[in-house]
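To start, the structure itself, in structure tokens.
Chains as they are written, first to last, in the numbering used here: chain A, 538 to 828; chain B, 7 to 452.
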């Protein structure tokens, strides 16, 4: 393995970590609410702008800004579920899907009105560069990978070790049975919306930190998120995590052999290849339910 | 829908369509001797001699009509007021000097709505209805949309603010461009690289027409004419959250400098990633990077100030007597200094050129006027810096070489500036600042 290979693996891990965080939330909504939420990308944009606002305007520490953004976007997600998605839930997942598309455009417009259409950059450093033999990594990149791994670990603990987490898994597995067994599905729904939206907010802050903050962010991210979710199996959180990392690595490693302008093409090429070889997704054991 | 409501909607739609149609036929602003009036276009177009529309309608009497087809509304609207101010300075100067061929000059402004469709509609109005003798003002889209019609109608036209590379070899007969081409952005960057003694350069270029065209010119000139080596040519799509892999590729072979042809959205990410990893070296930026957002990155620790990043954008020839005469008159109208990026001095120059060409031709006939334009912009001839001096020289039987407020205005056989002026831009104290004026070396043209 050449130094360039190893360097691109580091880039891929950073890209994949952020993609995994963004996709887990997307997949949770799909699994428990039963539809594909296209507005998830706009929640990511909202998180990025809120994080930027906290850091640039309120001069907040970047970690506190990330937490505050997660909290606010999480609460906003719950509000959306109550005001927008619950009223159309009876009409089925297709109606919810189209509602989410409309909501995405609405949020996109509102974000531009509130935060403007200009591109901005986080006024924060990214730490120094650490040379590790033939490769190098920055402190900020290590923190992104560590934060992503920590969040995923906490999420796994939450889903497996808490009663609410168990209810979520039960509802995701069979909503009707969960309702019949007395699981408070409304509470489960609120929890899922909060966690999923908060993760989108965190991913938005991370994307803003490594790149920039602009109103188109959600549109550029949602297709890759969708690819990672489908590749991972839609129903499997671990599959989605693996798919996010895999796509991140594939996109950055591809730069070694083909022009980097084909980065996005590579992501969807991997998706198609993955679906041809394993149609149910990387980690899904059964056939997927259609949304 | 209730019938009443449906009828109201139909009526509203009809009203909107009618309003739109009415607007398309619109009004034109006219300026005579510096006063602006408004008149509805009603004058009929006549065809002269060989079929060319030239002295539309008015024979040898009445004012000579100078057309200005420009974006009064739409995307280019922010440029309109300063453009009009530059044009007004010229029209007033011409009329104060006795007009052209003893006739006053009237400026006819038609809005092209900053769209291709608007440019085509506006061209029809300004030629067929208003009957202008010469034309100025169009931006790139409008000039290209009407290029064939301009040639067919033999209408002398000057493009004061067209960057499009499609005009690189399309003019010189009935259309001239008196600003630098987008391609010149690549040329001047190659000139910077040559003058700095760089021999190994990498490129980071966005996959868009506006960025790729000058980058290709840069590469061709730097490798084929200057003899340098491009050690990496990395192209990328805009809209990504990270360009780390691309930046790493560009710096892998330790180039002396990296040419960045990009919009500032991607460019800003590239620079922050460059700073994080401490690649070092320097940058040559395309003009799109010369924006406050990029300069502001220095306040966030991105060390591209003090000549680390260099760029060139269009500049006026501030030492020219024409500029020294023009600037205070422009400032009296706008309260602002002339601004190269707004092309106000180019708007001024175009009408002085057209007035001198008609004077030299002794007629408003299109082919005769067009035949004079390249002649009066290039040596040999008496150098003149104003309309009055030009007329005096022409009446004395001399050839003239007009030097304008924007540049020396020498043009090549395709009607493009041979050596447009550029201002070298560096970031100083968190802002882009012009540190030198540079004339493009015509020997570098491929």
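Don't be surprised by glycine CBs; every beta carbon is placed ideally from N, CA and C.
Taking the beta strand (DSSP E) that residue i falls in, what are its first and last residues?
i: residue 543 of chain A; result: Not the beta strand (DSSP E): residue 543 of chain A falls in the alpha helix (DSSP H), residues 540-570.
i: residue 427 of chain B; result: 427-434
i: residue 320 of chain B; result: 315-320
i: residue 212 of chain B; result: 206-212
i: residue 249 of chain B; result: Run containing residue 249 of chain B: none; DSSP gives neither H nor E here.
i: residue 393 of chain B; result: Where residue 393 of chain B is concerned, there is no enclosing beta strand (DSSP E), although the alpha helix (DSSP H) it sits in stretches over 393-401.
i: residue 390 of chain B; result: 388-390
Where do the ends of the alpha helix (DSSP H) carrying residue i lie?
i: residue 740 of chain A; result: 722-747
i: residue 353 of chain B; result: 350-367
i: residue 86 of chain B; result: 83-102
i: residue 407 of chain B; result: No alpha helix (DSSP H) holds residue 407 of chain B; the beta strand (DSSP E) holding it covers 406-408.
i: residue 666 of chain A; result: Counting along the chain, residue 666 of chain A falls outside any alpha helix (DSSP H), though it belongs to the beta strand (DSSP E) covering 666-669.
Nearest-angstrom Cα distance between residue i and residue j?
i: residue 245 of chain B; j: residue 438 of chain B; result: 25 Å
i: residue 563 of chain A; j: residue 759 of chain A; result: 9 Å
i: residue 718 of chain A; j: residue 707 of chain A; result: 10 Å
i: residue 738 of chain A; j: residue 585 of chain A; result: 7 Å
i: residue 713 of chain A; j: residue 735 of chain A; result: 26 Å
i: residue 780 of chain A; j: residue 756 of chain A; result: 20 Å
i: residue 762 of chain A; j: residue 599 of chain A; result: 24 Å
i: residue 41 of chain B; j: residue 353 of chain B; result: Note on residue 41 of chain B: pLDDT 41, under 50, position unreliable in the model; no value is reported.
i: residue 141 of chain B; j: residue 412 of chain B; result: 19 Å
i: residue 549 of chain A; j: residue 229 of chain B; result: 33 Å
i: residue 744 of chain A; j: residue 754 of chain A; result: 9 Å
i: residue 566 of chain A; j: residue 592 of chain A; result: 29 Å
i: residue 363 of chain B; j: residue 380 of chain B; result: 9 Å
i: residue 811 of chain A; j: residue 801 of chain A; result: 15 Å
i: residue 681 of chain A; j: residue 85 of chain B; result: 44 Å
i: residue 177 of chain B; j: residue 421 of chain B; result: 5 Å
i: residue 660 of chain A; j: residue 341 of chain B; result: 35 Å
i: residue 541 of chain A; j: residue 197 of chain B; result: 32 Å
i: residue 612 of chain A; j: residue 777 of chain A; result: 24 Å
i: residue 307 of chain B; j: residue 266 of chain B; result: 19 Å
i: residue 553 of chain A; j: residue 179 of chain B; result: 57 Å
i: residue 252 of chain B; j: residue 190 of chain B; result: 25 Å
i: residue 249 of chain B; j: residue 275 of chain B; result: 7 Å
i: residue 716 of chain A; j: residue 722 of chain A; result: 6 Å
Thinking just about the alpha-carbon of each residue, which of the options is nearest to the one in residue i?
i: residue 324 of chain B; options: B:391, B:156, B:369 and B:280; result: B:391
i: residue 152 of chain B; options: B:179, B:354, B:135 and B:122; result: B:122
i: residue 320 of chain B; options: B:452, B:192, B:235 and B:238; result: B:192
i: residue 231 of chain B; options: B:442, B:268, B:214 and B:205; result: B:205
i: residue 726 of chain A; options: A:604, A:596, A:623 and A:541; result: A:623
i: residue 665 of chain A; options: B:300, B:282, B:377 and B:383; result: B:282
i: residue 406 of chain B; options: B:433, B:326, B:79 and B:393; result: B:393
i: residue 147 of chain B; options: B:159, B:80 and B:202; result: B:80
i: residue 375 of chain B; options: B:400, B:367 and B:176; result: B:367
i: residue 575 of chain A; options: A:554, A:711, A:818 and A:631; result: A:631
i: residue 195 of chain B; options: B:132, B:290 and B:208; result: B:290
i: residue 396 of chain B; options: B:107, B:76, B:85 and B:74; result: B:107
i: residue 113 of chain B; options: B:98, B:102, B:119 and B:104; result: B:98
i: residue 657 of chain A; options: A:749, A:560, A:798 and A:675; result: A:749
i: residue 131 of chain B; options: B:155, B:165, B:111 and B:150; result: B:155
i: residue 672 of chain A; options: A:742, A:538 and A:635; result: A:538
Mapping the DSSP letters down to three states, classify residue i as helix, strand or coil.
i: residue 120 of chain B; result: coil
i: residue 810 of chain A; result: helix
i: residue 443 of chain B; result: strand
i: residue 438 of chain B; result: strand
i: residue 242 of chain B; result: strand
i: residue 75 of chain B; result: strand
i: residue 652 of chain A; result: helix
i: residue 693 of chain A; result: helix
i: residue 595 of chain A; result: coil
i: residue 265 of chain B; result: strand
i: residue 781 of chain A; result: helix
i: residue 218 of chain B; result: helix
i: residue 256 of chain B; result: helix
i: residue 706 of chain A; result: helix
If residue i and residue j are in contact, beta carbons under 8 Å, what's the gap, nearest whole angstrom?
i: residue 222 of chain B; j: residue 237 of chain B; result: Rounded, the Cβ-Cβ distance is 17 Å, inconsistent with contact.
i: residue 116 of chain B; j: residue 145 of chain B; result: With 8 Å as the limit, residue 116 of chain B and residue 145 of chain B do not qualify as a contact, their Cβ atoms being about 13 Å apart.
i: residue 578 of chain A; j: residue 641 of chain A; result: 7 Å
i: residue 318 of chain B; j: residue 444 of chain B; result: 6 Å
i: residue 792 of chain A; j: residue 764 of chain A; result: Actually they do not touch by this definition, with Cβ atoms about 18 Å apart.
i: residue 705 of chain A; j: residue 728 of chain A; result: 6 Å
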